[in-house]
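Number of protein chains: 2
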Amino acid sequence: MNETPAGRPTLETVARAAGASRATVSRVVNGSTTVRPDVAESIRRAIAELGYVPNPAARSLVTQRTDSIALILPESATRVFSDDAFFPGVIRGVGEALEKADKQLVLLLASTKSSHDRILRYVHGRTVDGVVLASMHGADTLPEELRAAGVPVVTSGRPLGEATVPYIDVEHASGVEAAMRHLVGLGRRRIATIAGPQDMVAGRERLAGYLNGLEALGAAPLVEEGDFMRQSGMDAMERLLARDPDIDGVFAASDLMADGALRTLRRLGRRVPDDVAVIGFDDVDAARFTDPPLTTVHQPIHEIGTRLAEQILRLVEGEEVEASVVLPTRLVIRESA
Amino acid sequence: MNETPAGRPTLETVARAAGASRATVSRVVNGSTTVRPDVAESIRRAIAELGYVPNPAARSLVTQRTDSIALILPESATRVFSDDAFFPGVIRGVGEALEKADKQLVLLLASTKSSHDRILRYVHGRTVDGVVLASMHGADTLPEELRAAGVPVVTSGRPLGEATVPYIDVEHASGVEAAMRHLVGLGRRRIATIAGPQDMVAGRERLAGYLNGLEALGAAPLVEEGDFMRQSGMDAMERLLARDPDIDGVFAASDLMADGALRTLRRLGRRVPDDVAVIGFDDVDAARFTDPPLTTVHQPIHEIGTRLAEQILRLVEGEEVEASVVLPTRLVIRESA
DNA sequence: ATGAAAGCGCTAACAG
DNA sequence: CTGTTAGCGCTTTCAT
Numbered sequence: 001m002n003e004t005p006a007g008r009p010t011l012e013t014v015a016r017a018a019g020a021s022r023a024t025v026s027r028v029v030n031g032s033t034t035v036r037p038d039v040a041e042s043i044r045r046a047i048a049e050l051g052y053v054p055n056p057a058a059r060s061l062v063t064q065r066t067d068s069i070a071l072i073l074p075e076s077a078t079r080v081f082s083d084d085a086f087f088p089g090v091i092r093g094v095g096e097a098l099e100k101a102d103k104q105l106v107l108l109l110a111s112t113k114s115s116h117d118r119i120l121r122y123v124h125g126r127t128v129d130g131v132v133l134a135s136m137h138g139a140d141t142l143p144e145e146l147r148a149a150g151v152p153v154v155t156s157g158r159p160l161g162e163a164t165v166p167y168i169d170v171e172h173a174s175g176v177e178a179a180m181r182h183l184v185g186l187g188r189r190r191i192a193t194i195a196g197p198q199d200m201v202a203g204r205e206r207l208a209g210y211l212n213g214l215e216a217l218g219a220a221p222l223v224e225e226g227d228f229m230r231q232s233g234m235d236a237m238e239r240l241l242a243r244d245p246d247i248d249g250v251f252a253a254s255d256l257m258a259d260g261a262l263r264t265l266r267r268l269g270r271r272v273p274d275d276v277a278v279i280g281f282d283d284v285d286a287a288r289f290t291d292p293p294l295t296t297v298h299q300p301i302h303e304i305g306t307r308l309a310e311q312i313l314r315l316v317e318g319e320e321v322e323a324s325v326v327l328p329t330r331l332v333i334r335e336s337a
Numbered sequence: 001m002n003e004t005p006a007g008r009p010t011l012e013t014v015a016r017a018a019g020a021s022r023a024t025v026s027r028v029v030n031g032s033t034t035v036r037p038d039v040a041e042s043i044r045r046a047i048a049e050l051g052y053v054p055n056p057a058a059r060s061l062v063t064q065r066t067d068s069i070a071l072i073l074p075e076s077a078t079r080v081f082s083d084d085a086f087f088p089g090v091i092r093g094v095g096e097a098l099e100k101a102d103k104q105l106v107l108l109l110a111s112t113k114s115s116h117d118r119i120l121r122y123v124h125g126r127t128v129d130g131v132v133l134a135s136m137h138g139a140d141t142l143p144e145e146l147r148a149a150g151v152p153v154v155t156s157g158r159p160l161g162e163a164t165v166p167y168i169d170v171e172h173a174s175g176v177e178a179a180m181r182h183l184v185g186l187g188r189r190r191i192a193t194i195a196g197p198q199d200m201v202a203g204r205e206r207l208a209g210y211l212n213g214l215e216a217l218g219a220a221p222l223v224e225e226g227d228f229m230r231q232s233g234m235d236a237m238e239r240l241l242a243r244d245p246d247i248d249g250v251f252a253a254s255d256l257m258a259d260g261a262l263r264t265l266r267r268l269g270r271r272v273p274d275d276v277a278v279i280g281f282d283d284v285d286a287a288r289f290t291d292p293p294l295t296t297v298h299q300p301i302h303e304i305g306t307r308l309a310e311q312i313l314r315l316v317e318g319e320e321v322e323a324s325v326v327l328p329t330r331l332v333i334r335e336s337a
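Read top to bottom, the protein sequences are chains A and B.
Just so we're aligned, residue 1 is where the first sequence starts under UniProt numbering, counting upward by one.
Just so we're aligned, residue 1 is where the second sequence starts under UniProt numbering, counting upward by one.
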């Protein structure tokens with residue numbers, strides 16, 4: 001007969017096996033309560049026996065939902081990826097939270113220029129219900145374009161310029177200010193900073209925190225810029241010392257750069273913290289293992305991820321969300337300061 | 001009239017605007033060459049003006065393809081995630097390669113037991129064309145289940161037990177053997193190892209390499225196990241020294257554990273490499289920054305990713321692939337040995 | 001409580 | 001080279 005057993009079972013297959021209609025099977029699959037218990041039961045049995053799994057494409061076509069959320073990591077994010085625990089941490093946080101909501105995480109790596117367009121197409125195609133953007137660089141036009149596309153979006157880190165989309169960020173400046181107060185309280189008077197890239201909000205705000213903190217001292221700022229990675233911290237520290245050999249305190253805008261600074265200081269014969277006290281930012285795992293262990297400003301990386309997920313899920317449901325959520329940071333004091 | 005301007009434009013909208021049929025528009029969208037140039041041109045214009053983007057769900061429904069590939073990171077993988085550069089590196093490699101092929105990367109984090117089922121459903125639903133599995137633990141039944149589900153799959157790391165799916169791996173044992181030869185060549189005679197978890201192939205094979213290398217020496221093995229993370233390396237080194245204070249060489253199965261060993265050795269007054277030579281495995285970024293810089297066995301993490309992508313793309317196209325690809329490792333000599 | 005029927009947006013024969 | 005016609009597998013009124 002026409003009993004093609006080939007292919008994966010569809011609603012129709014199940015319906016026939018259970019002696020019901022497609023509609024009723026669909027109701028059972030989607031947990032409708034308006035199905036007679038015994039009928040539902042036999043349908044469930046048929047589903048199990050046939051190993052039926054709904055076809056998400058067919059479902060999306062009619063529901064206009066995909067139950068998946070994109071996490072976009074643009075440009076530099078992927079560069080930093082390899083030696084930084086920030087993005088992995090965010091990914092975990094977002095992933096776990098989405099999993100609880102039974103949503104899928106779709107990772108879009110925006111490494112090249114061309115991928116920018118691909119992403120836009122992808123999002124436009126409504127392959128995802130919403131977007132979490134790890135926006136980093138000021139020049140990034142993606143947040144705007146996504147908003148214009150009418151896709152729910154929330155970004156990690158306040159966008160540079162005016163924030164037109166909701167975001168999750170941490171209290172960069174006040175965390176740094178706490179670090180500065182700590183240094184000053186330690187009696188440090190010649191405090192330099194290794195700043196992050198100034199086209200990223202994190203870089204700017206941490207520098208602002210340093211400058212604010214310095215005001216209390218009435219001292220001149222001493223700034224060298226790095227790229228958040230270790231090597232740049234080593235180099236910046238060397239330039240700093242060349243500019244002023246009497247530096248007795250350093251705030252580095254990332255733990256990796258702080259670790260780099262520690263190395264340069266040691267190499268140039270400075271003892272930490274006796275000669276120079278050092279404080280970092282991030283509180284990544286590696287900070288506990290520097291020599292000496294790094295005093296640092298802790299930021300709740302995992303929570304950033306869960307909050308991002310929470311917000312985007314709300315937005316996708318059409319609910320309102322706060323324009324911004326700013327999570328606290330706190331100073332973790334270890335032996336380097 | 002019935003000119004509802006609402007909603008996103010569909011093929012039909014474009015067809016009407018360009019005075020053609022849906023089929024022809026579809027041809028243009030999909031780059032068919034059998035369309036008269038001027039017609040194609042006007043269709044393209046209409047597409048641009050209307051901002052038409054194909055609906056992937058509708059397309060998948062008929063083509064049975066989704067043009068996306070899942071990368072599954074099971075259990076421990078996500079745990080290690082935070083302080084290890086391996087998975088981020090693989091993700092980047094896979095992501096970049098897929099991007100070139102215009103495929104999407106869907107990241108599935110299998111953190112909990114329940115997610116195992118979710119993943120199976122997801123894959124069964126054919127939301128992805130193929131799966132790249134970062135299989136790690138011996139007990140993992142996922143490779144089998146996926147194969148049984150008839151989904152193209154390739155794993156990162158040879159599965160424990162018999163390999164039923166194609167995999168990409170590196171030459172663990174021979175890399176370690178090179179490390180052992182180096183140690184022996186340095187005159188080391190009391191060589192211990194900090195092994196990785198023995199329910200992972202990487203852990204086992206690196207231990208096998210150590211044992212092989214030791215044979216040349218005719219010496220008794222000295223083994224403590226860690227979990228690839230830094231803290232476990234610190235602890236294992238301490239146990240090792242307690243068992244034999246005369247150890248003069250150490251092979252650690254990961255750079256992170258090697259770094260841990262370095263710290264314990266320093267704390268206990270051993271000079272590296274004068275008293276004890278240390279070699280790690282992985283060649284992560286951090287290995288260049290340990291004190292002293294770590295001699296280590298390099299594995300091409302990024303290439304593992306690109307190879308994985310390459311293989312799964314082949315499989316999805318229905319082509320044959322080698323049952324296994326094993327990439328070379330090489331010893332990178334730095335000051336710790 | 002259940003079924004019939006329509007249709008989501010697209011591709012793929014098949015004619016012409 | 002182009003249009004017509006059939007669905008892909010599912011949800012969802014609307015009847016019954």
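Even glycine gets a Cβ: it sits at the ideal position worked out from N, Cα and C.
Rounded to whole angstroms, E320 (chain B) and N55 (chain A) show a C-alpha spacing of 27 angstroms.
By the Cβ-count criterion, P166 (chain A) is buried, with 16 or more other Cβ atoms from all chains shown falling within 10 Å of its own Cβ. For R330 (chain A), the secondary structure class from DSSP, reduced to helix, strand or coil, is strand.
Taking a C-beta distance under 8 angstroms as the contact criterion, A236 (chain A) and L294 (chain A) do not qualify as a contact pair. One finds nothing in chain A with a Cβ atom closer than 9 angstroms to the Cβ of A277 (chain B); even the nearest lies about 20 angstroms away.
Sorting B:D38, B:R206, B:S42 by C-alpha distance to the C-alpha of A253 (chain B) places B:R206 at the top.
Here the alpha carbons of R181 (chain A) and L183 (chain B) stand approximately 49 angstroms from one another. With fewer than 16 other Cβ atoms inside 10 Å of its own Cβ, D117 (chain A) counts as exposed.
For the C-beta of T306 (chain A), not a single chain B residue is nearer than 8 angstroms; the gap to the nearest is close to 13 angstroms. The Cβ of D282 (chain B) sits no closer than 8 angstroms to any Cβ of chain A. Judged by DSSP in its simplified three-state form, I69 (chain A) adopts strand. Around the beta carbon of S336 (chain A), a 10 Å sphere encloses 16 or more other beta carbons of the protein chains shown; the residue is thus reported as buried. Contact check for P328 (chain B) and E177 (chain B): beta-carbon distance about 13 angstroms, past the 8 angstroms limit, so the pair fails to qualify. Boundaries around T264 (chain A) are those of the alpha helix (DSSP H), 255 to 267, since no beta strand (DSSP E) includes it. Between M200 (chain B) and G125 (chain B), the alpha-carbon positions lie close to 29 angstroms from each other. DSSP places L142 (chain B) in the helix class (H, G or I) of the three-state scheme. Non-local C-beta neighbours of R188 (chain B) in its own chain, meaning closer than 8 angstroms and more than five positions away in sequence, comprise D248, G249, A277, ordered along the chain. Membership of H182 (chain A) in the alpha helix (DSSP H) is indicated by the continuous run 172 to 185. Using a Cβ-Cβ cut-off of 8 angstroms, Q104 (chain A) counts as an interface residue toward chain B, since at least one Cβ of chain B sits closer than that to its own. Looking at the backbone, the Cα of L313 (chain B) and that of G130 (chain B) are separated by about 8 angstroms. Rounded to the nearest angstrom, the gap between the Cα atoms of G233 (chain B) and G233 (chain A) is 26 angstroms. The beta-carbon separation of F86 (chain B) and L73 (chain B), rounded to 10 angstroms, does not stay under the 8 angstroms limit for a contact. Cβ-Cβ distances below 7 angstroms link A46 (chain A) to V14, A17, A18 in the same chain, with the five nearest sequence neighbours on each side left out; the list follows chain order.
Runs of alpha helix (DSSP H) with 4 or more residues, each lying fully within the stretch 33 to 70 of chain A, are found at 37 to 50, 56 to 63, listed in chain order. DSSP places S232 (chain A) in the uninterrupted alpha helix (DSSP H) bounded by 230 to 243.
Beta-bridge analysis with DSSP links I194 (chain B) to B:E224, B:A252. The beta-carbon of T296 (chain A) is placed no less than 8 angstroms from the nearest beta-carbon of chain B. When 7 angstroms is used as the limit between beta carbons, A97 (chain A) is near no residue of chain B, the shortest such separation being about 11 angstroms.
For T296 (chain B) against D244 (chain B), the beta-carbon gap comes to about 23 angstroms, at or over 8 angstroms, which does not count as contact.
Under the DSSP assignment, H302 (chain A) falls outside any beta strand (DSSP E), being part of the alpha helix (DSSP H) whose first and last residues are 301 to 316.
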